[in-house]
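Numbering (the numbering used here), first residue to last: 246 to 1073. Glycine is no exception: its CB is placed at the ideal position from the N, C-alpha and C atoms. Note sheet for the following structure.
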């Protein structure tokens, strides 16, 4: 660093500036949203929302990125005259706090609220434009009272229910997991333990109620949600068309299966039932029961991911019964196996080895028949053929599919099955209902009382919230059931219906329940009479822009969509989707890898802020790349960002004209640059190209400095206009520097109260443009030409240019490609 650089840096003390403006912002509270301005129609609304954090310690680089990006758009909307709702809270229930409390023999609230205060102070220091009057924590009784109320309302609507079924069980955290909380390798997303299966009676939300609507509305969201998020939603919902088909079994009810390929029914040579499905236990004969139960014990040790692996050996056990194939009357054996899952479809499949590789592998291992029902191409060399082709071996005395293509064969066989009462055409979804029970302490208690006389009895609304009892340390240790089961004074209650002895439900709700409706509570965070005010929901909703990470592209977004649709059907809101637009940010990595202490490439946000200041870190994160791309911290320069901010700060100090001076009397060339910058910034901000906005701001700083140094002078009104625009643009990204500039320019704080500058269309008209002349693809000349120049005139000017003539050097010009007014490409 040069002596000049040191002197300049010393004159702009970033930490002193931060200390100066924090209390000012605290006093002015410039980002408090005014409900009346929106409900009265005085101003248009914008609801800006970032996924609220879990309080697991201080803020990290990932938080720094998403908050910096989010702040740009929230501040911009305020400049444009909107009333902006930009709240913040904490998703404060969950396992990390509970596990920390067990380790330290404390209460989870001790860990949780200490971290919340740490993060809150860091957020304020980070200069974020939040409305702090709406702050909430999902672990506050004032919040989870309404989580419990919503649970009861969903139950009234038939959207919350309890059933017994095999569930994902984390042996380390001793709790059930929703399917989405099991990673692709079959491990728990929280602790990494291998997930197993366990039979339990649990609470579910009927998220499948809206399966088709989720899909239909994705078409409307396609343009405003990034494509990979929309595709992730589509894939998770997993719509498939096919048929339900009944296979008769002597002495039992028919086995109903779902198949997407009913055209292959003639090739069904055996059936497979999920080993852990109730159906398997019902079908197995006494003779086969010992072998089945031994097999079942092994199956329960495997994760769903392991069971579905294509290279897994195809094991199974014959259940001792046969079913009847409805299209040809043949008796086919029924097996139990692990490659079918109990919660998919009916838990049973018709096995068609000729058209399914897993069925083929199973048939080969267990010496079962294989019949092809689709003719493969002549050059096909595989085993099972899963492609399209004409049907073969598919006829009986009443119907023949032979020769039909797949689609026509499907329609024909479904019509026949329905006419015979043997099946129905149907739609199936991969999506499963949301398992929300958790056998842990630190969550919202489920507001149900179990009575031996009246069964499941809802806690009366006037008794909400059902508050957690005061358990600590060792009492929180999971034992395969909820720790709440040991709090007998809390568990043992009187039944609200009959007055007899009863017990509370001891499970708590999945923390995703809390975060699936929090954007509604932000509308009425201090209202103790209702979860949210429907009138405010109508005025503010839906959220205009939601910013978060890809890791929530399925789970959280789908649950929020479920709650929104359920609340709509309850008549509490009129809109269908929670988030009109969704922006997904990338990750902050280091040297090409995810930041990790074990890898030695972690970057401390606190250290970066201490060394370079808040504004330089924010500017670096916004400037590094488009929001959706990853940022490699090894490739960026917060030191360079700080130097630029110092240049901008010095610019404000050089302006000598008075506030309010008419810029129309100023330097026209500089005014053109300023107005073009504002015009382009509007377009760039609306399309979330924040990094390019930074680049344009840097160009305007350079142009303004050049104008001052080249004789325009610091008193020129155009210099003030340009510098004020720089301050406003920087306030979106570097609020401390912007505030300092605004003060140096003679304005009262805060710059956030300024009005977005109006662009003069006449100043956007270009007197000339630069046309690039290429020869063989290499730039050989530049011409200043009229924006309206014709292609013929531009070609003539290019060929006459001395630099171009020298570069051609007498060679024959074979072709000239002209793209007026900016490009001429000469081929010689």
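A straight line joining the alpha-carbon of residue 902 with that of residue 964 spans about 8 Å. About 10 Å separates the Cβ atoms of residue 436 and residue 422, ruling out a contact at the 8 Å cut-off. By a beta-carbon distance limit of 8 Å, residue 1039 contacts residue 1069. Their separation comes to about 6 Å. Taking a 10 Å sphere around the C-beta of residue 398, we find 16 or more other C-beta atoms and assign the residue as buried. In the DSSP annotation of this structure, the continuous segment of the alpha helix (DSSP H) that includes residue 733 starts and ends at 733-736. Checking the DSSP bridge columns, you'll see residue 1027 partnered with 1017. When the beta-carbon positions are compared, residue 677 and residue 754 stay at least 9 Å from each other. Residue 448 carries a strand assignment under DSSP once its states are collapsed to helix, strand and coil.
Contact check for residue 541 against residue 497 fails: the beta carbons are separated by 9 Å or more. Around the Cβ of residue 841, a 10 Å sphere holds fewer than 16 other Cβ atoms; the residue is exposed. Under the criterion of beta carbons closer than 8 Å, residue 328 and residue 279 qualify as touching, at roughly 6 Å. For residue 282, the uninterrupted alpha helix (DSSP H) run begins and ends at 280-284, by DSSP.
For residue 718, the secondary structure class from DSSP, reduced to helix, strand or coil, is helix. By the Cβ criterion, the region 354-373 is not in contact with the region 395-413, since fewer than three pairs of Cβ atoms, one from each stretch, lie closer than 8 Å. Counting only runs of 4+ residues, the alpha helix (DSSP H) found wholly inside the region 454-533 occupies 456-466, 472-482, 523-528, in chain order. Assigned with DSSP and collapsed to three states, residue 890 falls in helix. Judged by DSSP secondary structure, residue 394 falls within the alpha helix (DSSP H) whose first and last residues are 386-401.
Around the Cβ of residue 467, a 10 Å sphere holds fewer than 16 other Cβ atoms; the residue is exposed. Judged by DSSP secondary structure, residue 328 falls within the beta strand (DSSP E) whose first and last residues are 328-330.
A Cβ-Cβ contact shorter than 9 Å links residue 636 with residue 508.
Its chain contains 583 as the residues whose beta carbon lies nearer than 7 Å to that of residue 547, once the 5 sequence neighbours on both sides are disregarded; these appear in chain order. Straight-line measurement puts the Cα of residue 761 at about 6 Å from the Cα of residue 804.
Among the bridge pairs identified by DSSP, residue 841 is matched with none.
In the pairwise beta carbon analysis, the region 937-956 is classified as touching the region 861-870: at least three pairs are separated by under 8 Å. Residue 332 and residue 1014 have their C-alpha atoms spaced approximately 45 Å apart. In this structure, residue 427 and residue 440 form a Cβ contact; the two beta carbons are roughly 5 Å apart against a cut-off of 8 Å. Looking at 487, 325, 522, the one whose alpha-carbon comes closest to that of residue 510 is 487. Residue 1063 has 1069 as its beta-bridge partners, per DSSP. Taking the C-beta atoms as reference points, residue 330 is found nearer than 9 Å to residue 768.
Residue 970 sits away from residue 929, with the two beta carbons spaced by 9 Å or more.
Here residue 485 is exposed, its C-beta having fewer than 16 other C-beta atoms within 10 Å.
Under the rule that a run must span 4 or more residues, the alpha helix (DSSP H) segments found entirely inside the region 314-373 read 340-349, 353-370.
The beta carbon of residue 322 is closer than 6 Å to those of 291, 329 in its chain, skipping five residues each way along the sequence. In the DSSP assignment, residue 413 forms a beta bridge with 422, 442. For residue 735, same chain residues with a beta-carbon under 6 Å away, outside a window of 5 residues either side, are 714 in chain order.
Residue pairing by DSSP puts residue 580 in a beta bridge opposite 517, 563.
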